[in-house]
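One structure is given here, and the rest of the page talks about it.
2 protein chains.
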Amino acid sequence: MAKIKVATHGSKKDAILKKAASLFRKKGFASSSMRELAESIGVEAPSLYNHIGSKSELLQDICFKVANDFTLQLREVESSAAGNTGKIEQLIRFHVRMMLQSFDEVYVSNHEWKHLKEPHLSNFLAQRKLYEGKLVQLIREGITEKELKNLHPHVAALTILSAVRGLEFWQRHKKDISTDVLENNMVQHLLNGLTI
Amino acid sequence: MAKIKVATHGSKKDAILKKAASLFRKKGFASSSMRELAESIGVEAPSLYNHIGSKSELLQDICFKVANDFTLQLREVESSAAGNTGKIEQLIRFHVRMMLQSFDEVYVSNHEWKHLKEPHLSNFLAQRKLYEGKLVQLIREGITEKELKNLHPHVAALTILSAVRGLEFWQRHKKDISTDVLENNMVQHLLNGLTI
DNA sequence: ACGCAAAACTAACGGATATTAGTTTTTTAT
DNA sequence: ATAAAAAACTAATATCCGTTAGTTTTGCGT
Chain D
1 MAKIKVATHG SKKDAILKKA ASLFRKKGFA SSSMRELAES IGVEAPSLYN
51 HIGSKSELLQ DICFKVANDF TLQLREVESS AAGNTGKIEQ LIRFHVRMML
101 QSFDEVYVSN HEWKHLKEPH LSNFLAQRKL YEGKLVQLIR EGITEKELKN
151 LHPHVAALTI LSAVRGLEFW QRHKKDISTD VLENNMVQHL LNGLTI
Chain X
197 MAKIKVATHG SKKDAILKKA ASLFRKKGFA SSSMRELAES IGVEAPSLYN
247 HIGSKSELLQ DICFKVANDF TLQLREVESS AAGNTGKIEQ LIRFHVRMML
297 QSFDEVYVSN HEWKHLKEPH LSNFLAQRKL YEGKLVQLIR EGITEKELKN
347 LHPHVAALTI LSAVRGLEFW QRHKKDISTD VLENNMVQHL LNGLTI
């Protein structure tokens, strides 16, 4: 009866993916049913299968879209003229923007990846590990070149990645503060510390 | 046939809770079945109900045990003689230790609380909000008293809490580094920053 | 206006789930 | 040793899930 509403320049699958990201974020992948997803779109569950292959495929598409965005940005940062500290700063700012602009998708990618099926699960984890490794290397070089304190590079990388990830809790206060100020605060805290 | 193995000074329910925390962490609450849990203990699923009320109850017990531990520690820190910065440092160190010593439970509390049923869900969130609020207040006072940089207190609190939370990814490297060094690294990074 | 493809629908299947009921075995207390 | 209580078992129920099959409706190109 009802038809799937498509945004301009978006396929029906894209419309489904958007709703799926929202549902998966709110209820978790395993607790979200195709019937619920269909209802949120205004259609019966089997109708979805005219546009998608399976429930798993939705999760894959969401997770890898996010992972690819970050991988792409990392490449861009790496080829920039900035120093190590500057590159790290660029990455922090990108994470902040992504979290605010694609909240549902980033959240799902961060929280629900463990429900990916093989071989996608392994691919995803490998991509994450690669990303993390590159950041560790940036920090390591920063330490070598006396830009950064001599902290354990893995711990520092984890601290940075986790801190930006924590912006998922920021959604409620979104209107209190602009994206710029938020970026600046995170960069200031993570690079220069909290104490005076 | 088989009996539930109980640790010294622990009830059978405690033994179940320990296994449940491990299972829920690995597979997520919604994707963990009572049959799986029973199997990991070496018993049939219905036998569990001689010791517990429901699957939900397991999650509640895990989440509130962790929440209470943190709330209790917060009270202790508040009544200490340390300054604001010192109190924040104590909290960071406690988070690190909790994450390493009660990994499964803290992880489940952090990731699976959304599957709590009312009124427990509301209680849990209220308790978290209270905890977060107290930390924000510590930071606010630190800023007023010129101990801390003038950052947005909410953002700083979120950064700290998220960073320690991120130690869940540290499990793989656990043996690389001692708890003390890890604590020191986190405190140093979050309070004094990464740059020299 | 008409035909065809896209996309909606209804009905249904096989399987998994938490939990209950009822029964048997095991442990504990006297 | 024996009775009572605790805790295991088997069987079963009702519900929900992802997905398929088959059918009807919709909408676009001619």
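Those protein sequence lines, which keep their order, are chains D and X. FYI, the working numbering numbers position 60 of the first sequence as 60, with every residue one higher than the one before it. Each number in the working numbering comes from the position in the second sequence (counting from 1) with 196 added on. Yeah, the Cβ is synthetic: ideal placement off N, Cα and C, and Gly gets one too. These numbers were taken from a predicted model, which means no experiment stands behind them.
Secondary structure of residue 194(D), DSSP reduced to three states: Position 194 of the first sequence, counting from 1, holds the residue named residue 194(D). In the structure shown, residue 194(D) sits in coil (DSSP, three-state: anything other than H, G, I, E or B).
Grouping DSSP H, G and I as helix and E and B as strand, with all else coil, what is residue 116(D)? The sequence position of residue 116(D) within the first sequence is 116, counting from 1. Here residue 116(D) sits in coil by DSSP.
Pull up the distance between the alpha-carbon of residue 148(D) and that of residue 382(X), whole angstroms please. Translated into positions along the first sequence, residue 148(D) becomes position 148. Translated into positions along the second sequence, residue 382(X) becomes position 186. The alpha-carbon of residue 148(D) is positioned some 15 Å away from that of residue 382(X).
So residue 168(D) and residue 93(D) are supposed to be a Cβ contact under 8 Å. How far apart are they, rounded? Counted from its first residue, the first sequence places residue 168(D) at position 168. Counted from its first residue, the first sequence places residue 93(D) at position 93. Contact between residue 168(D) and residue 93(D) is ruled out by a C-beta separation of about 17 Å, above the 8 Å threshold.
Fully enclosed by the region 125 to 187 of chain D, which alpha helix (DSSP H) runs are 4 residues long or longer? 153 to 165, 179 to 187, all fully within the region 125 to 187 of chain D.
Rounded to whole angstroms, how far is the Cβ of residue 146(D) from the Cβ of residue 105(D), which I believe are closer than 8 Å? Locating residue 146(D) in the first sequence gives position 146, where the first residue counts as 1. Locating residue 105(D) in the first sequence gives position 105, where the first residue counts as 1. With 8 Å as the limit, residue 146(D) and residue 105(D) do not qualify as a contact, their Cβ atoms being about 38 Å apart.
Of the residues that make up the region 333 to 356 of chain X, which ones have a beta carbon closer than 7 Å to any beta carbon in chain D? Here the close residues are 342, 343, 344, 345, 347, 348, 350, 351, 352, 354, 355.
For residue 164(D), the nearest candidate out of 150(D), 139(D), 103(D), 51(D) (CA to CA): Along the first sequence, read from residue 1 onward, the residue named residue 164(D) stands at position 164. Looking only at 150(D), 139(D), 103(D), 51(D), the smallest Cα-Cα distance to residue 164(D) is reached by 103(D).
The region 375 to 386 of chain X: positions lying closer than 8 Å to chain D by Cβ: Listed in sequence order: 377, 378, 381, 382, 384, 385, 386.
Are the Cβ atoms of residue 191(D) and residue 355(X) separated by less than 9 Å? Position 191 of the first sequence, counting from 1, holds the residue named residue 191(D). Position 159 of the second sequence, counting from 1, holds the residue named residue 355(X). Between residue 191(D) and residue 355(X), the CB-CB gap reaches or exceeds 9 Å.
Assuming residue 327(X) contacts residue 266(X) (C-beta within less than 8 Å), just tell me the rounded distance between them. Against the second sequence, residue 327(X) aligns to sequence position 131. Against the second sequence, residue 266(X) aligns to sequence position 70. That pair is a contact at about 6 Å.
Determine whether the beta carbon atoms of residue 111(D) and residue 56(D) lie at a separation below 9 Å. Locating residue 111(D) in the first sequence gives position 111, counting from the first residue. Locating residue 56(D) in the first sequence gives position 56, counting from the first residue. The Cβ-Cβ distance between residue 111(D) and residue 56(D) does not fall below 9 Å.
Taking only beta-carbon atoms, is residue 165(D) less than 9 Å away from chain X? Numbered from its first residue, the first sequence carries residue 165(D) at position 165. True, the Cβ-Cβ gap to chain X drops below 9 Å.
Starting from the beta carbon of residue 310(X), find every residue of chain D whose beta carbon is closer than 7 Å, and list them in chain order. Counting from 1 along the second sequence, the entry for residue 310(X) is found at position 114. Residues of chain D passing the Cβ test: 28.
Count the other CB atoms within 10 Å of the CB of residue 315(X); is the residue buried (16 or more) or exposed (fewer)? Position 119 of the second sequence, counted from the first residue, corresponds to residue 315(X). Residue 315(X) comes out exposed.
What are the start and end residues of each continuous alpha helix (DSSP H) run of 4 or more residues lying completely inside the region 236 to 307 of chain X, in chain order? Given a length threshold of 4 residues, each whole run of the alpha helix (DSSP H) inside the region 236 to 307 of chain X is given here in chain order: 251 to 274, 280 to 297.
Please check the pair residue 52(D) and residue 58(D), which I expect to be a contact at CB under 8 Å, by giving their CB distance rounded to whole angstroms. The count along the first sequence starts at 1 and reaches residue 52(D) at position 52. The count along the first sequence starts at 1 and reaches residue 58(D) at position 58. So it is a contact: roughly 6 Å between Cβ atoms.
Which chain X residues sit within Cβ distance under 8 Å of residue 196(D)? Within the first sequence, numbered from 1, the residue matching residue 196(D) stands at position 196. Near residue 196(D) (Cβ distances below 8 Å), the residues of chain X are 342, 343, 344, 345.
Leaving aside the five residues before and after residue 153(D) along the sequence, list all residues of the same chain whose C-beta is less than 6 Å from its C-beta, in chain order. The residue you call residue 153(D) lines up with position 153 of the first sequence. Contacts found: 136, 139, 140.
Could you tell me which of 124(D), 100(D), 109(D), 21(D) sits nearest to residue 177(D), measuring between CA atoms? If you number the first sequence from 1, residue 177(D) lands on position 177. Comparing C-alpha distances from residue 177(D) to each of 124(D), 100(D), 109(D), 21(D) shows the shortest one belongs to 100(D).
If I measure Cβ to Cβ from residue 377(X) and keep anything under 7 Å in the same chain, skipping five residues before and after, which residues do I get? Taking the first residue of the second sequence as position 1, residue 377(X) is located at position 181. So the list is empty, once near-sequence residues are dropped.
For residue 228(X), I'd like the list of residues in its chain whose CB is within less than 6 Å of its CB, leaving aside the five on either flank, ordered along the chain. Residue 228(X) sits at position 32 when you count from the first residue of the second sequence. 219, 220, listed in sequence order.
Under 9 Å between the Cβ atoms of residue 305(X) and residue 166(D)? Locating residue 305(X) in the second sequence gives position 109, where the first residue counts as 1. Locating residue 166(D) in the first sequence gives position 166, where the first residue counts as 1. Judged by beta-carbon spacing, residue 166(D) lies beyond the 9 Å limit of residue 305(X), meaning their Cβ atoms are not closer than that value.
Apply the 10 Å Cβ neighbour rule to residue 347(X) and answer buried if 16 or more other Cβ atoms are within range, or exposed otherwise. As a working note, residue 347(X) is residue 151 in the second sequence. Residue environment for residue 347(X): buried (at least 16 other C-beta atoms within 10 angstroms of its C-beta).
Sort 74(D), 175(D), 157(D), 37(D) by Cα distance to residue 54(D) and report the nearest one. Here residue 54(D) refers to the residue found at position 54 when the first sequence is read from its first residue. Comparing Cα-Cα distances from residue 54(D) to each of 74(D), 175(D), 157(D), 37(D), the minimum goes to 37(D).
Count the other CB atoms within 10 Å of the CB of residue 270(X); is the residue buried (16 or more) or exposed (fewer)? As a working note, residue 270(X) is residue 74 in the second sequence. Counting other Cβ atoms within 10 Å of its Cβ, residue 270(X) reaches 16 or more and is therefore classed as buried.
DSSP state of residue 15(D) mapped onto helix, strand, coil: Taking the first sequence and counting its residues from 1, the one referred to as residue 15(D) is at position 15. Reduced to three states, the DSSP call for residue 15(D) is helix.
Sequence-distant residues of its chain with Cβ nearer than 7 Å to residue 44(D) (five each side left out): Position 44 of the first sequence holds residue 44(D). Correct list, in chain order: 38.
Cβ atoms of residue 257(X) and residue 287(X): under 9 Å apart, would you say? As a working note, residue 287(X) is residue 91 in the second sequence. As a working note, residue 257(X) is residue 61 in the second sequence. No, Cβ-Cβ distance for residue 287(X) and residue 257(X) is not below 9 Å.
Starting from residue 373(X), find everything on chain D with Cβ-Cβ shorter than 7 Å and list it in chain order. In the second sequence, counting from the first residue as 1, residue 373(X) sits at position 177. Within chain D, the residues whose beta carbon sits less than 7 Å from that of residue 373(X) are 152, listed in sequence order.
Counting only Cβ pairs nearer than 9 Å, list the residues of chain D close to residue 365(X). In the second sequence, residue 365(X) corresponds to position 169, counting from 1. Going along chain D in sequence order, the residues near residue 365(X) (Cβ under 9 Å) are 132, 158, 161, 162.
Can you give the beta carbon distance from residue 142(D) to residue 84(D), rounded, assuming they're within the 8 Å contact cut? Looking up residue 142(D) in the first sequence gives position 142. Looking up residue 84(D) in the first sequence gives position 84. Confirmed, about 4 Å.
Under 7 Å, CB to CB, which of the residues in the region 28 to 56 of chain D have a partner in chain X? Listed in sequence order: 28, 30, 31.
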